[in-house]
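Q: Below: one structure in structure tokens.
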Amino acid sequence: MSQVVTRFAPSPTGYLHIGGGRTALFNWLYARGRGGKFLLRIEDTDRERSTPEATAAILRGLTWLGLDWDGEVVSQFERRERHAEVAREMLARGTAYKCFSTKEEVEAYRAAREAEGASYAVFQSPWRDADSSTYPDAPYAIRMKAPRTGETVIEDQVQGRVVIKNETLDDMIVLRSDGTPVYMLAVVVDDHDMGVTHVIRGDDHLNNAARQQMVYDAMGWTVPVWAHIPLIHGPDGKKLSKRHGATGVEEYQAMGYPAAGMRNYLTRLGWAHGDAEIFTSDEAMKMFDLSGIGRAPARLDFKKLENTCGHHMAMAEDAALLHELEAYLVSAGRPALTETQRARMQNALGFLKKSAKTFPELMEKAAFLLADRPIVPESKAAEALDTVSRGILSALTPRLQNASWTREALEPILTEIAAENGIGFGKLAAPLRAAIAGRSVTPSVYDMMLTIGRDETVARLADAAR
RNA sequence: GGCCCGUUCGUCUAUCGGUUAGGACACCUGGUUUUCAACCAGGUAAGAGGGGUUCGACUCCCCUACGGGCUGCCA
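As numbered in my numbering, residues 9 to 474 make up the first sequence, in order.
What follows is the structure in structure tokens.
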């Protein structure tokens with residue numbers, strides 16, 4: 009069996025859309041799970057709208073998502089000569105013809121047909137079967153000589169067998185009168201030349217597939233396996249757009265979702281493999297198949313995204329997580345970790361990652377280790393530091409001085425001091441939290457003490473007891 | 001307008017003619033706990049509507065409704 013080759017082919021007209029990210033992910037998963045290749049092509053033939061900034065943003069988005077592509081990024085625009093060459097070859101083969109009709113004439117034709125009450129108006133060029141001796145000395149477009157009768161069948165791995173009547177399709181232009189190729193031709197030529205075996209893309213291209221298949225047929229090329237996946241919708245079921253919130257992949261990075269969680273969530277959005285919910289990318293590669301893709305558009309659910317991310321956060325290795333956390337800080341425009349904070353973070357990640365779902369949440373829980381002395385307690389926390397509590401804290405401090413700094417050693421000391429003062433541990437925890445973190449809601453007091461170390465703990469308790 | 005695609009709990013989905021329609025998220029209740037969270041246990045909750053086909057339909061067919069896409073010398 010020949011090697012699987014997939015590709016992602018975005019237009020560089022903006023950031024990487026979350027839907028595009030998912031399309032790329034599906035292609036990546038499919039190829040990587042089968043030892044195939046995943047290629048990247050930028051469809052930049054629209055010179056008006058394409059920008060190098062957008063291309064850079066798309067590459068950044070893919071990189072963040074961890075979707076690595078094989079070989080060089082292909083620029084469709086740079087291949088325009090090749091596209092034109094194929095158009096001329098179609099001319100030579102008789103599967104395309106020169107059309108001298110102007111845009112105005114085409115529009116007039118369609119308007120006339122509609123005026124007659126036609127439900128649809130397929131332009132029928134008078135030049136389709138014209139003798140070359142009648143050709144005027146004027147610019148012309150090259151039109152594909154599409155079959156007028158019969159039907160074109162798309163055997164789609166997701167949508168099933170889709171039948172399009174050929175009479176509803178016009179002779180599409182493959183080369184414009186200015187000599188530039190049209191997208192529909194470019195995709196086919198590029199996919200063929202790049203050896204793409206599986207075209208996995210949004211179902212907004214489903215109808216286009218019929219005309220593209222005609223080009224494959226006209227050139228005698230092997231038609232790739234089609235898989236048109238439904239688009240992602242917003243929570244209200246409408247096409248996902250700006251008003252639903254974030255649509256750009258990079259926005260999700262800035263919101264602090266870990267990439268592994270993002271991949272997992274996006275994989276499960278519109279695709280299923282039995283009851284599998286939480287899995288690594290390696291596992292996803294093994295499971296991923298086209299038949300598991302649903303046919304209905306899926307809606308984005310931030311709650312589930314968060315939950316999925318939480319699992320991946322907990323599964324992550326500390327070193328990798330710290331690295332990703334720092335990348336998040338940069339992308340969110342937040343201050344970088346100082347040396348001290350970084351060292352403490354390394355101690356704390358082991359427990360912080362278990363309860364945080366996103367990086368902002370992790371930073372929030374890490375507030376105690378980010379803070380510098382003196383700790384200024386919030387009003388709620390300050391209430392816990394009454395005179396009695398401060399007395400207990402100052403009694404506690406000397407005992408901590410000589411304790412070995414492990415949970416096992418600390419636990420009896422704190423339990424003891426609570427008992428001596430006739431209070432439960434809960435009552436003792438509140439002032440400790442206030443002293444150490446300046447807050448009433450914090451991670452476990454032991455975890456905090458162990459994270460910041462003896463000297464810092466003692467100093468913070470002393471500050472509070474004063 | 002025409003053509004194409006879609007419709008199972010609030011959400012993501014399983015089911016590939018016979019199930020008490022399963023799982024996950026969310027939500028609710030209880031437990032655990034040193035606060036929040038996490039965690040554990042339990043619960044509420046679904047086949048768009050109408051016709052067929054069949055002994056039997058979520059599953060197959062048709063119609064309607066709703067949603068989406070395409071309909072360019074855009075991609």
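Note that CB positions come from ideal geometry on N, CA and C, so glycine has one too.
Source: prediction; values computed, not measured.
Taking the straight line between their C-alpha atoms, what separation do you get for Thr-230 and Val-195?
A: C-alpha separation (whole angstroms): 14 Å.
Q: Beta-carbon separation of Ala-149 and Arg-184 under 8 Å?
A: Cβ distance < 8 Å, so Ala-149 and Arg-184 count as in contact.
Q: Apply the 10 Å Cβ neighbour rule to Asn-410 and answer buried if 16 or more other Cβ atoms are within range, or exposed otherwise.
A: The residue in question, Asn-410, is exposed, as its Cβ has fewer than 16 Cβ neighbours within 10 Å.
Q: For the alpha helix (DSSP H) holding Gly-264, just list the boundary residues, first then last.
A: First-last for Gly-264: undefined, no H or E at that position.
Q: Whole angstroms are fine: how far does the CA of Glu-56 sit from the CA of Tyr-38?
A: So the alpha carbons of these two residues sit roughly 33 Å apart.
Q: Pick out whichever of Lys-388, Leu-401, Ala-95, Gly-44 has its Cα sitting closest to the Cα of Met-227.
A: Answer by Cα proximity: Ala-95.
Q: Under 8 Å: do the region 313-328 and the region 343-351 share three or more Cβ pairs, one atom per stretch?
A: With the cut-off at 8 Å, the region 313-328 and the region 343-351 do not touch.
Q: To the nearest angstrom, how far is it from the Cα of Ala-374 to the Cα of Ala-335?
A: Approximately 17 Å, taken between the alpha carbons.
Q: Between the Cα of Thr-160 and the Cα atoms of Pro-134, Ala-217, Thr-188, Phe-131, which residue gives the shortest distance?
A: Of Pro-134, Ala-217, Thr-188, Phe-131, the residue nearest in Cα terms is Ala-217.
Q: Quick check on this structure: which residue in Glu-86, Leu-329, Met-192 has the alpha carbon closest to the alpha carbon of Arg-219?
A: Residue Met-192 is the option with its Cα nearest to Arg-219.
Q: Take Val-204 as the anchor and find which of Arg-474, Val-12, Ala-470, Pro-439 has the nearest alpha-carbon.
A: It is Val-12.
Q: What I want to know is whether the C-beta of Arg-307 ends up closer than 7 Å to one or more non-hydrogen atoms of the ligand FAD.
A: For the structure depicted, the ligand FAD is absent and the ligand set is empty, with no information on it obtainable.
Q: Across which residues does DSSP place Met-152 in a beta bridge pair?
A: Partner(s): Ala-104.
Q: Indicate whether Leu-67 and Ala-32 have their beta-carbon atoms separated by less than 8 Å.
A: Cβ distance not < 8 Å, so Leu-67 and Ala-32 don't count as in contact.
Q: Whose CA, out of Gly-27, Glu-464, Val-466, lies closest to the CA of Ile-237?
A: With distances taken between Cα atoms, Ile-237 lies closest to Gly-27.
Q: Determine, using beta carbons only, whether Arg-352 and Leu-377 come nearer to each other than 8 Å.
A: Yes. Within cutoff.
Q: In the DSSP assignment, what are the bridge partners of Ala-306?
A: Its beta-bridge partners are Ile-240.
Q: Please list the terminal residues of the continuous alpha helix (DSSP H) segment that includes Phe-359.
A: Looking at the DSSP string, the run of the alpha helix (DSSP H) that includes Phe-359 is 347-363.
Q: Taking the alpha carbon of Ala-443 as the point to measure from, which residue in Glu-428, Ala-427, Glu-464, Ile-425 has its own alpha carbon closest?
A: For the residues Glu-428, Ala-427, Glu-464, Ile-425, the minimum Cα distance to Ala-443 belongs to Glu-464.
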